[in-house]
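Positions in the sequence shown are counted from 1; adding 187 to them yields the working numbering.
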Amino acid sequence: MASSIGKNIKISIFGESHGAAIGVVIEGIPSGAEIDLIELKRLMMERMGMDMPGTTARKEPENLEFLSGVRMENYYSRCYATGTPISVIIRNENFNSDDYAKNEGVLRPGHADFTQLIKWGDYADIVGGGHLSGRLTAPLAVAGGVCLQLLAKEGIELSAGLRSLGRHELSCKASEAFGSEDFCSEISKLVEDVKKEGDSLGGIVWVRANGLPAGIGEPIFDKVESRLGQMIFSIPAVKGLEFGSGFDGARMKGSENNDEFCFADDKFCMADESSTDSQPANLNDDECGDAEFCFRNYKTKILNGVKMMSNNCGGLLGGITTGSELYFQVAVKPTSSISKSQKTVNLKTKQNVFLSTKGRHDVSVAIRTVPVIRAATALVLYDLFIDYKENHNG
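Following this line, the structure appears as structure tokens:
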């Protein structure tokens, strides 16, 4: 078994939730690439959910130890890739296995305890989720964080935010300011109420990528959607993915969902744009009045004088970038570990039992998944961008 992925940028992730350390090996980062360690640490702090309501009380220091592949600068504010594999470990220091020992043999509803035991038998390490734990998103974020910086140097910017928590749609102000005071104040009462019930919440995360040139992606198996799908679904708790209009588009007619083309300087283009017969997906920023429209503010771009009048395709046609904003949303299930009593079984006693999960768990893992999804997206896009540059002679 190998937890590896990638073509030009290859990563291998290792470790367990309650093991000595977790880590990642990153191959393909070009020699001389600068890595801003302060920026990387900032991303890791976001993943930890520092001071954000509804996130786990397990706050690992997450000190990044670079073992190979980089040359450190003085004061450790930045380093440079040597061109050889970069290996990074993060030591696990703040974990408590006692709660799992007390419930040995009891399957946790919503977790992969059952499937891990079926697959690996008595040798399975399921404490804290083992290798399948959300803890393993830390090394994924490290690798993706490096690629975020490399994409930014190419003029490609990625942003992500939380669209909704449970059935609550966040305002534009809160959704687009992840981790800010606006963000925290809007979700704080929501998560506190659910926490008192001993329950949890799922959420929907949006992702936008701007600055991508047209022509990235390959047919069939290497479509941008195909590559992103494999990566995003590797993140624990992710259960759904939609690009552009997504499932809403499935409820439309073709005339409503198709993104029409026009020459940008043609009068008929401007006249048709102002038509009230249908609502274009790409609303202007000043039209973003509520949560429903906030997430339809897709950007379109003029290419060779041709403009797409909307962006229901989410910046992709045939799995290839159009040059407009890449936009997709990710569904994250509610945290499986809850203190509310649930029915399950004890494999050792062969009895039906009730389980109330103890420990330090997120009220909603969707909150801390936002920076992870952003980083994972960067891994895929930078990998694809390398192919694009080679095909266009650098």
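C-beta: ideal position from N, C-alpha, C; glycine also. On a predicted model such as this, the values are computed, not experimentally measured, just so you know.
In terms of DSSP beta bridges, what is Gln516 paired with? Trp393, Glu429
| Cα-Cα separation, Gly501 to Leu319 | 31 Å
### Query
Can you pull the DSSP bridge partners for Cys266?
Ile222, Met259
Cys359: first and last residue of the uninterrupted alpha helix (DSSP H) it sits in: 359 to 362
For this session: Please check the pair Val567 and Arg414, which I expect to be a contact at CB under 8 Å, by giving their CB distance rounded to whole angstroms.
Result: 5 Å
_Going by DSSP, what residue range makes up the beta strand (DSSP E) through Glu405?_
Glu405 -> no beta strand (DSSP E), and no H or E assigned at all.
Taking only three categories from DSSP, how would you classify Met232?
helix
### Message
If we require 4 or more residues per run, which alpha helix (DSSP H) segments fall completely within the region 520 to 579?
### Response
552 to 578
Expected contact under 8 Å - CB spacing of Gly510 and Leu399 to nearest Å
7 Å
Start and end residues, alpha helix (DSSP H) containing Val378: 368 to 383
| said: DSSP three-state label for Glu341, please. | reply: coil
Pick from Val392, Pro406, Ala299: whose alpha carbon is nearest that of Gly317? Ala299
Taking Val493 as part of the beta strand (DSSP E), name the residues at either end of that continuous run. 493 to 495
Item checked: Assigned exposure category for Met418 - 16 Cβ within 10 Å defines buried -> buried
Lys306 versus Glu221: straight-line alpha-carbon distance, rounded:
41 Å
Does the region 258 to 268 come into contact with the region 207 to 225, if we say contact requires no fewer than three beta-carbon pairs (one atom in each stretch) closer than 8 Å? yes
Extent of the continuous beta strand (DSSP E) run through Val212: 208 to 214
Quiz item: Shortest alpha-carbon distance to Ser199 belongs to which of Ala207, His205, Met188?
Solution: Met188
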